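S.K.: Please see the structure below; I have some questions.
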Amino acid sequence: MSHDTTRALIDAYYAAFNAGDTDAMLALVNDDIAHDVNQGARRVGKEKFAEFNAHMTRCYKETLSDIEVFVSEDGSRAAAEFIVSGTYLVSDEGLPEAAGQTYRLPAGTFFDIRDGRIARITTYYNLQDWIAQVGA
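Here you go:
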């Protein structure tokens with residue numbers, strides 16, 4: 001995959017995220033997607049990724065801004081850093097109670113690209129910063 005094609009793939013992924021279009025996000029990942037969740041275990045497969053997205057949509061309303069995408073020369077890997085602005089809608093298990101709190105924090109994601117689709121998504125952010133912002 002070329003550098004420019006990977007860049008377009010990652011841009012499409014973030015456009016779908018910001019549009020809340022999880023079906024479009026699913027169309028951009030491999031069937032055996034490896035999804036590394038911050039502070040959590042790796043989830044493998046499109047079904048697990050879809051379940052995660054449904055859970056996130058129920059508990060959080062988020063948009064990403066200031067997105068900077070970096071792509072390897074051969075297009076096989078990419079990274080992005082951005083700002084997450086969100087509202088905590090429904091209490092998530094093991095986390096503080098939700099009461100419509102808003103938050104804003106930096107985050108980053110690493111990607112592997114295979115066969116024209118995203119093969120791995122690994123996202124990091126400061127969970128303690130988020131917890132402090134939602135008032136725990």
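One point on numbering: in our numbering, the residue at position 122 of the sequence shown is 122, and numbering is uninterrupted. Ideal Cβ placement from N, Cα and C applies to all residues, glycine included. Small disclaimer: the values here were computed from a predicted structure and weren't measured.
My understanding is that Leu-105 touches Asp-129, with C-beta atoms under 8 Å, so please give their C-beta distance in whole angstroms.
M.R.: Confirmed, Cβ separation roughly 5 Å.
S.K.: Quick check on DSSP: helix, strand or coil for Asn-126?
M.R.: coil
S.K.: Closer than 8 Å is the cut-off here; do at least three beta carbon pairs connect the segment 53 to 61 with the segment 73 to 80?
M.R.: no
S.K.: Our contact map puts Phe-52 next to Arg-43 with C-beta atoms below 8 Å; I'd like the distance itself, whole angstroms only.
M.R.: Beta-carbon to beta-carbon, Phe-52 and Arg-43 are separated by about 6 Å, close enough to satisfy the 8 Å threshold.
S.K.: Let's test the definition: count the other Cβ atoms within 10 Å of the Cβ of Ile-83 and tell me whether it reaches 16, buried, or not, exposed.
M.R.: exposed
S.K.: Can you name the residues that DSSP bridges to Lys-48?
M.R.: None, per the DSSP bridge assignment.
S.K.: Over what stretch of residues does the beta strand (DSSP E) that includes Asp-112 continue unbroken?
M.R.: 102 to 114
S.K.: To the nearest angstrom, how far is it from the Cα of Ala-122 to the Cα of Glu-47?
M.R.: One point to set straight first is that residue 122 is Thr, not Ala, in the sequence displayed. Their Cα atoms are separated by approximately 17 Å.
S.K.: Could you check the C-alpha separation between Ala-8 and Asp-92 for me, to the nearest Å?
M.R.: 33 Å
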